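Student: Have a look at the structure that comes next, please.
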Amino acid sequence: MVTNSQSELPATLSPAEKSLGRAAACQFLGGLLLEGVTPALLDQVREIPLLAGALPEPAEPDHLAAAHYSLFQLNVFPYETIFLDSANLLGGPASERLATAYRDLNYLVETNTVHPDHVAVELGALAHVCRLEARAISSGNAESVRSIQRRGLVFLDRHLLQWILPLALAIQSQKHSFYTALSQLLLELLAELVGEWSGLESAASKTSRLEVAPAILESEKTGLKDIAGYLAVASHCGVFLSRQQIGEMAREVDLPRGFGSRSQMLLTLLESASRYERVNALLARLDILLGGAEAFYQDGGGHKANLGSYGRHWRLKAAGTRALLRRMSALIEADTTT
Amino acid sequence: MASDNRISNFLATMLRLNIPELEEQPPVQGMTNVAGQGLPQFAAHKNVEMTQVQHPDGRLSHYPPPEYWDDWVEWDGKAWPKRVARRYTLVPTVCFNCESACGLLAYVDKESLEIKKFEGNPAHPGSRGRNCAKGPATHNQIYDPERILYPVKRVGARGEGKWKRISWEQALQEIGEKMRASRQKRRDGIMYHVGRPGEDGYTNRCISAWGVDGHNSHTNICSSGARLGYFLWGAFDRPSPDHAHARVILLISSHLETGHYFNPHAQRIIEGKMAGAKLITLDPRLSNTASMSDVWLPTWPGSESTLLLSIANYLLQNDLYDKAYVRRWVNWRETLAAIRQGKLEVGDDALTRQILDGEPATDSFETFEQVLKALYRDFTFERAAEESQVPVERIRETAELVANCDGRLATHTWRSASIGNLGGWQVARCLFFLNVLTGSVGTRGGTSANSWNKFVPKSYKEPGPFNAWNELQMPLEWPLAFFEMSFLLPHFLEEERGSVDVYFTRVYNPMWINPDGFMWLKALRDEEKIRCHVALTPTWNESAWFADYVLPMGHSGERHDLMSQETHAGQWIAFRQPVRRVAMERAGKRVQYTYEANPGEVWEENEFWIELSLRMDPDGSLGIRQWFDSPYRPGETMTVEDYYRWIFENSVPGLPVAASSENLTPLAYMRKYGAFEVTRTNFVPYAKEIPHGDAVDESGRVMKDGKAVGLEVEGASVAGFGTPSRKLEFYSPTMQDWGWPEKEHTIPWPLKSHVHPDNIALEKGEMLLLPNFRLPTLIHTRSANAKWLYEISHKNPAWMNPQDASRLGLITGDLIRVDTEIGYFVDKVWVTEAIKPGVIAMSHHLGRWRLQEDVGVNMGMSNLARLEEDGDGTHHLNILHGPETWKTFDPDTERIWWKEVGVHQNLTHAVHPDPISGGHCWLQKAINVRKAAPEETYGEVVVDTRKSMAVYHEWKALTRNARDTSPDGLRRPLWFKRPLKPVVEAYKLPAEDSGSSG
């Protein structure tokens, strides 16, 4: 390995080293997402310019821990099931799919204390694949390398890439500099990997696993609760709305948002908007948020070439929700006029 | 290219950092699951056979038979219309979403170890396989992504809302050291404040081992009124009606949908009805129970005792009561003696003179009968009808039904009127009077004591009583309280009575659940008075936000506990289990601590207390450590398995034999079935013969070693009751001796409620606010993270009679403002004839509020608390700190409402401690009820805590201090129950100048 102290000049890595580097990176970034910047990891983070520059200064351990807790225990829940399924519960089908996928990858992981669909566990699986790849490269077995890469790409295609963009968007929406940088770096890493494995394009179906969103406006029985429920499900509305975001939106449109779970807060927000005749303002604010999400997905989170296709389905969801909001607005307008 | 460079450099850095690889996994041997276990074959094959169950008689199975529980295959209903086979291991456990302890059966997927669903446990004698909505909803709670998954410690100021994850070891070490320091200094510095115990004996054993007076409960906001009323009769503090075999079921509560113990009782009430029993319900609301009743008596709150005594009077005047029973078991001789001593006025001069003259013939049961008739003759149906505002015919109909109960009168009151009213304890006493008069005490179809039907086994090596008395829990003003004056803790702290070194709140949210919540807020913030607050809770709650440590504890499928409840005439125990751990162990995987098997690092209290106690006494010098030695491996620490194994082997009659018949150990039997029926029936245990004692005293008590151990009845020595007289005490010498000599205290008699019609000026706009009823699917704060339950019920509008609505110009959905003694709240109104005129009813099981949502909202803001305080006692909910925010853009300061989680009315309730039972009298006088003004918004809550203390002082002035009333220099009658009793020495009244605690 040839390293270069000048960050603007590329280091020269052998293919095997690159694979090992990716494995270490996936594992390291996953660890940060799972545990936060613990004192044990802080020195290592300082060694990584792309992350070190985003550390709050002073990087006080308690505050770093509190920020992590706030972000990943109170606001954004980084589990595949929360992003891809509508139940908003952990476990369930996503966990099973992951169990099968890990088995297919020969990836044995202890998931007693963290659900198998946590982003860090999925990154762990990817790290495992990269290590296998490095070994195969070192052994000079090209067929084995291709096979491993193909399996890795299938895994990425079916799991992590299906939800990494909305997860990254949700993290970045929390406006914490370090985790914003981390999510950007993660997207960059994945994009680079997908680019390198793109020769195996056929392995990636890029089929959306997103559920068909309910046509809530088609039912006469639909109420604000149904709309709130729709907005609380990322795979329906196209974005994961954290409590913090809901609170911010409420403040921006001058409305209370109540307490409780995300769906309860959304319902309260919608009801208060209705009560104080601020529905249009709220819908406009949501539209801005969803518009931003559309752009983010369109751009593949800044990596359009390699990740853009995984953003397409999410973009359509966000666009669908915007259309729904416009219809709501029109209905309200018509109702007011009559 | 730039990106490539960045990534290349990043990867090079990663290599240089030498990130260690994740632990190498063992090589794969065939197919495995994520836990590294061999996969069941069906995962690899399409053709999986369903488990087939065929009964010889051709019937279908309601449940998987236990012999199939280890390996049960069925289609996945969620996967329909696909046929997806699931192979489960079924693990029994016990629900924790209310007090009933119903059995659950967890379906744990053998492949993924995921809990797929909870259904009923058919082997559970109490619930018999049936559950309410709360049981299956446990699944929601376990897989709720918003639950607390890891131990956390606060960072920054208390209530600031910043938390960091810590290890269990750090939590144990730090908290253990604080407990040690406190225990070395004093024995009243550690307080364990429990909401729903949800278990029998384990934690109390730990507290006893610590040697502190540290048990604090929620009883005084729940059941203390009923407890005292029952206790004075027979030294038991809860009823256990045998609904299934009753002829008449008389309820003062909405038992069919929400009562203690809702599901087990409801199914037996229906069984009773199906067999012809008549159901009578006293409730100002047309509850679901009332609507199913044969007779609904919508009483004015507080009039229940009068109505019950009118029924008693009917039985007495018409000689329709069980005289033989009363003669045999009631302390009538002591009652006559009290009359002779001038302690009890009969209200009949001629009769009194006869008794005072002391003619021998007057010391007879017949005289006592005359006394009863004289005492209660004024309790006519007409008087009852006037006070209760119930049609007289309905009261007469009720009395006639009771008179014909044939010794099978099942009665129950819990919370409701007994905890609603000043003097509410007399409601329970008057109700049980009907059981006594009809001879329906402990009979088939009658009403037993809880202790006759609840089975609590002994554990090994019970620590003895402690030598301590915590004045913050059992102060001198309430010597007869049942039990700790828990809801007054902030008021005592405000009075500078003491402090708490380590305060545990356990599945308890005092700031939300108690009245006068802002006083709790003040106390919880004060680090001088509550020095360390540890919240043991599965989910975030209002109080946990002000803790120093928040430690995640498991839901019902994530913990060990042993439970029993008096659900019917038999006795049983049930074993709560961490089902995923059990499933893993069945699969051969070793689990040392339950948090290894639960989501995140959610733990269970059983193991936590062991480890914490060891940290508290690392060298054994405090004498604590010894209680946590294994009974099986001397010198080693006890495991949870050791603890329960010993109980099952040594302390549960019949269990070892039952287990042996299946070639199981007792522990394995309980792990398999999750429950055991100890006795099928346990009727009239007080009549059971006991060995003769040393002597029989002049009042007929059987004495042994100087202690009364039974009663001589018709020549036989029988167990009798736990009272000092060993009889059912119609007249209470204890009340007489402890400074409450008036007739309305010593015998069943109505006490004038604080919400008596005399105290509610309807013409001035005052009304009675009835808050203390449950919703069928929600239990205080614990069910808040079960969305299935919230989907069913999520609003608590104020019920209002059309007469009142018309007077106030209201229609359903309008906002009303309800002014209480200390503040006001705004809620929506539901206009309905299901509530009495003059009363508004609003459940206080809704109205949750949380602080978490604001975390990180605005980094420039400090703490982002949701409460506005003017610094002068006024609190306004859901607004930000600081005077500048008051005037800023934030509309939360003006518009507060939580439609989907209801209105938190408890904040606006002043504390009303009953001067005798100590229970908080929940009913509120609504000073004013009116249509809300345009600027008043739904959910708005405003409270002035200066008024809080004023009301507290008014009620405290009603008490009679033990210093003035104690007949024997003790703080409390020795025979009165406490959850954990100290040594007799600790009962002695303290010196006048003894300092405050802490």
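So the protein sequences, as listed, match chains R and S. Take any residue in the first sequence, count from 1 to its spot, add 538: that is its number in the working numbering. Take any residue in the second sequence, count from 1 to its spot, add 117: that is its number in the working numbering. Ideal Cβ positions, reconstructed from N, Cα and C, are used throughout, including at glycine. Keep in mind it's a predicted model, so treat the numbers as computed, not measured.
#1: With 8 Å set as the bound, which would you pick, yes or no: does the beta-carbon of ASN214 (chain S) sit closer than that to a beta-carbon of chain R?
#2: Could you give the DSSP three-state label for LEU1097 (chain S): helix, strand or coil?
#3: Looking at C-beta atoms only, is the number of pairs between the segment 258-272 of chain S and the segment 604-615 of chain R that lie closer than 8 Å three or more?
#4: Grab the span of the alpha helix (DSSP H) containing HIS666 (chain R) for me, first residue to last.
#5: So with Cβ pairs under 8 Å, would you call ALA674 (chain R) a contact of chain S?
#6: I'd like to know whether the C-beta of SER633 (chain R) is nearer than 8 Å to at least one C-beta of chain B.
#7: From the DSSP output, in three-state form, read off TYR717 (chain R) for me.
#8: Any beta carbon of chain S sitting closer than 8 Å to that of LYS759 (chain R)?
#9: GLN743 (chain S): beta carbon under 7 Å from a heavy atom of the ligand NAP?
#10: What would DSSP say about CYS547 (chain S), mapped onto helix, strand or coil?
#11: Any idea what DSSP makes of PRO592 (chain S), helix, strand or coil?
#12: So the candidates are S:HIS961, S:LYS945, S:TYR941; which of them puts its Cα closest to the Cα of THR991 (chain S)?
#13: The segment 794-805 of chain R: which residues have C-beta closer than 9 Å to a C-beta of chain S, in chain order?
#14: Determine whether the Cβ of ILE630 (chain S) lies closer than 8 Å to any Cβ atom of chain R.
#15: Mark ILE826 (chain R) as exposed unless 16 or more other C-beta atoms lie within 10 angstroms of its C-beta, in which case mark it buried.
#16: State the Cα-Cα distance for the pair GLY858 (chain R) and ILE754 (chain R), rounded to the nearest angstrom.
#17: Compare the beta carbon distance of ALA361 (chain S) and HIS685 (chain S) with 8 Å and say whether it is the shorter of the two.
#18: Could you give the DSSP three-state label for GLU138 (chain S): helix, strand or coil?
#19: Would ALA708 (chain R) count as contacting chain S if we go by Cβ distances under 8 Å?
#20: With a threshold of 6 Å on Cβ separation, who are the neighbours of TRP417 (chain S) within its own chain once the five nearest residues in sequence on each side are excluded?
#21: What does the Cβ neighbour count give for ILE136 (chain S), buried or exposed, with the cut at 16 atoms within 10 Å?
#22: Are the C-beta atoms of PHE716 (chain R) and some chain S residue less than 8 Å apart?
#23: DSSP has TRP916 (chain S) in a bridge; who is on the other side?
#24: How far does the beta strand (DSSP E) with ASN1045 (chain S) in it reach, from first residue to last?
#25: Between ALA1049 (chain S) and chain R, is the shortest Cβ-Cβ distance under 8 Å, so that the two count as touching?
#26: List the residues of chain R that TRP280 (chain S) touches, going by C-beta distances under 7 Å, in chain order.
#27: Anyone know if the C-beta pair for PRO704 (chain R) and VAL777 (chain R) falls short of 8 Å?
#28: ARG747 (chain R): which of R:ILE686, R:LEU609, R:HIS697 sits nearest, CA to CA?
#29: Cutting at 6 Å between CB atoms, please list the residues of its own chain near ASN975 (chain S), excluding the five before and the five after it.
#30: Between which two residues does the beta strand (DSSP E) holding ARG203 (chain S) run?
#31: Three-state secondary structure (DSSP) at ASN430 (chain S)?
#32: Output the distance between the C-alpha atoms of ALA1079 (chain S) and TRP629 (chain S), rounded to the nearest integer angstrom.
#33: Could you please tell me which residues of the segment 243-262 of chain S, in chain order, have their CB closer than 9 Å to any CB of chain R?
#34: So which residues of chain S does GLN836 (chain R) contact, with C-beta pairs closer than 7 Å?
#35: Throw me the rounded Cβ distance for the LEU845 (chain R) and LEU725 (chain R) pair, which I believe falls under 8 Å.
#36: How would you write the range of the beta strand (DSSP E) that HIS606 (chain R) sits in, first residue to last?
Tutor: In this structure, then:
#1: No, its Cβ sits nowhere closer than 8 Å to a Cβ of chain R.
#2: Shown here, LEU1097 (chain S) sits in coil according to DSSP, grouped into three states, outside any helix or strand.
#3: Yes: at least three Cβ pairs fall under 8 Å.
#4: Per DSSP, HIS666 (chain R) belongs to the alpha helix (DSSP H) from 657-677.
#5: No, no contact with chain S.
#6: In the displayed structure, chain B is absent; the protein chains listed are R and S.
#7: TYR717 (chain R) carries a helical assignment under DSSP once its states are collapsed to helix, strand and coil.
#8: By this cut-off, LYS759 (chain R) is not an interface position.
#9: The model on display carries no ligand, and the ligand NAP is accordingly not part of it.
#10: Assignment of CYS547 (chain S) by DSSP, reduced to helix, strand and coil, places it in the helix class.
#11: Correct three-state label for PRO592 (chain S): coil.
#12: It is S:TYR941.
#13: The segment 794-805 of chain R vs chain S, Cβ under 9 Å: PRO794, ARG795, GLY796, PHE797, GLY798, SER799, ARG800, SER801, GLN802, MET803, LEU805.
#14: Chain R, which has no Cβ nearer than 8 Å to the Cβ of ILE630 (chain S), makes this no.
#15: With fewer than 16 other Cβ atoms within 10 Å, it is exposed.
#16: Approximately 12 Å, taken between the alpha carbons.
#17: For ALA361 (chain S) and HIS685 (chain S), yes; Cβs fall inside 8 Å.
#18: DSSP places GLU138 (chain S) in the coil class of the three-state scheme, outside both helix and strand.
#19: Output row for ALA708 (chain R): interface = no.
#20: These residues qualify, in order along the chain: SER505, GLN506.
#21: By the neighbour-count rule (16 or more Cβ atoms within 10 Å), ILE136 (chain S) is buried.
#22: Taking a beta-carbon distance threshold of 8 Å, PHE716 (chain R) does not count as an interface residue toward chain S.
#23: Answer by DSSP bridge pairing, in chain order: S:TRP947, S:ALA958.
#24: Residues 1045-1048.
#25: ALA1049 (chain S) has a beta carbon lying at 8 Å or more from every beta carbon in chain R.
#26: Correct list: ALA604, TYR607.
#27: Closer than 8 Å, so yes.
#28: ARG747 (chain R) has its Cα closest to that of R:HIS697, out of R:ILE686, R:LEU609, R:HIS697.
#29: Only weak support exists for where ASN975 (chain S) lies, its pLDDT of 27 falling under 50; the value from the coordinates is given anyway. Spatial neighbours of ASN975 (chain S) in its own chain (CB-CB distance under 6 Å, excluding positions within 5 residues in sequence) are not present.
#30: Under the DSSP assignment, ARG203 (chain S) falls in the beta strand (DSSP E) whose first and last residues are 202-211.
#31: ASN430 (chain S) falls in the helix class under three-state DSSP.
#32: Their Cα atoms are separated by approximately 31 Å.
#33: Against chain R - using a Cβ distance shorter than 9 Å - the residues of the segment 243-262 of chain S are HIS256, ASN257, ILE259, TYR260, ASP261, PRO262.
#34: Close to GLN836 (chain R), with beta-carbon spacing below 7 Å, lies no residue of chain S; the smallest spacing is near 18 Å.
#35: Indeed they touch by this definition, with Cβ atoms about 7 Å apart.
#36: Judged by DSSP secondary structure, HIS606 (chain R) falls outside any beta strand (DSSP E) and instead within the alpha helix (DSSP H) spanning 599-607.
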